[in-house]
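Chemist: One structure follows; several queries about it will come next.
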Ligand SMILES: NC(=O)c1ccc[n+]([C@@H]2O[C@H](COP(=O)([O-])OP(=O)(O)OC[C@H]3O[C@@H](n4cnc5c(N)ncnc54)[C@H](O)[C@@H]3O)[C@@H](O)[C@H]2O)c1
Ligand SMILES: [Zn+2]
Ligand SMILES: [Zn+2]
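Residue numbers (our numbering): 158 to 494.
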């Protein structure tokens, strides 16, 4: 089967590999769409920590069941599915406490183990999620949407509170959307004007703020002096993460969905006087995948506008170069099969 392998940093190769063989307890999935994400770009660039090469990337998956054991969830041949790409150990303290999303041994498909940039993949049956009634384009964005939803859920976003989301990439956009669906007043901040415009159309945010401007003054204006009670950082930028404590209201929450290889430091009196709550946000849960599917079914999230670029697997390596030198307007690129 056709397989794209990231052989080493900056080098993809299209190869033929043996067809995946399904073992008992696994599902054989025909891959139909693969979302390309920041993690893949970092892996390609050699900037992903603890990454081993060669590796088959691809963790945002839309596919079709080819073979599966009879199962209680009624998943069968021909069903459209996505895959929860976070493989958990099931035994560690996090897993025992229902927080498999931050399992000690977490292995992400397409990162720690081989992913979906190939025609077929086998995955443990429990990680397959049926996505009946959704198009492949809707299914492939379930994973990045769930990451944004998890950040919103970490803060337990409430109706009418001011939520500032910094970074309007796929993850930030998803957080904006779910904060809006929770009834919050959402402020989007970015350095990129195109992305700020896109937030207004796609996530229907209440206000946008240019990150290079006088942010404190702008936040004071749009929140009428009260400042956001939740600040979600989805920039992947340590400097931005370091500034979030300044933006949050007294008694507020800060969520880091961003992941950077850097120290984040703060001046304790700033943290103390506001009695801030700082929350990490890693991956997402099965329940969050299900909620995203429900929202997609109800047309509360529009996949079409979110997917800005597509290429068939045969042209994907070539297109990857263009997707990397940010063409204007790229939000989500897909590989199709
Ligand atoms: N929590 C998780 O499990 C998880 C999963 C996937 C991605 N992530 C992380 O989420 C982050 C966002 O991912 P993405 O794919 O949306 O990234 P992206 O690069 O597509 O988007 C980031 C956005 O932030 C903006 N930005 C950068 N620096 C900024 C600054 N100083 N101020 C304001 N805006 C700024 C950029 O213009 C861009 O629009 C990354 O750090 C990524 O590693 C986390
Ligand atoms: Zn991703
Ligand atoms: Zn575990």
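C-beta: ideal position from N, C-alpha, C; glycine also.
1) Suppose contacts are defined by Cβ-Cβ distances below 8 Å. Is residue 281 in contact with residue 183 by that definition?
2) Using three-state DSSP, classify residue 398 as helix, strand or coil.
3) Residue 387 and residue 412 look like a contact to me (Cβ under 8 Å); what is the Cβ gap, rounded to whole Å?
4) With a threshold of 7 Å (Cβ to nearest heavy atom), would residue 294 be considered close to ligand 2?
5) Which residue marks the beginning of the beta strand (DSSP E) containing residue 464, and which one marks its end?
6) Using DSSP bridges, identify the partner residues of residue 171.
7) Looking only at DSSP bridge pairs, what is residue 219 linked to?
8) For residue 475, tell me which candidate among 171, 403, 321 has the shortest Cα-Cα distance.
9) Tell me the rounded alpha-carbon separation between residue 256 and residue 314.
10) Using C-beta distances below 6 Å, list every residue in its chain close to residue 279, excluding the 5 sequence neighbours before and after it, in chain order.
11) Could you compute how far the alpha carbon of residue 216 sits from the alpha carbon of residue 268?
12) Can you name the residues that DSSP bridges to residue 346?
13) So does the region 405-425 actually touch the region 334-351, counting three or more Cβ pairs closer than 8 Å?
14) Excluding sequence positions up to five away, which residues of its chain have a Cβ less than 7 Å from the Cβ of residue 265?
Modeler: So, from the listed chains and residues:
1) yes
2) helix
3) 7 Å
4) Outside the cutoff, so no.
5) 464-469
6) 161
7) 190, 239
8) The candidate whose alpha carbon is nearest that of residue 475 is 171.
9) Approximately 19 Å between the Cα atoms of the pair.
10) Same-chain partners within the cutoff: 177, 179, 183, 185.
11) About 8 Å.
12) Beta-bridge pairing links residue 346 to 323, 366.
13) no
14) 216, 242, 243
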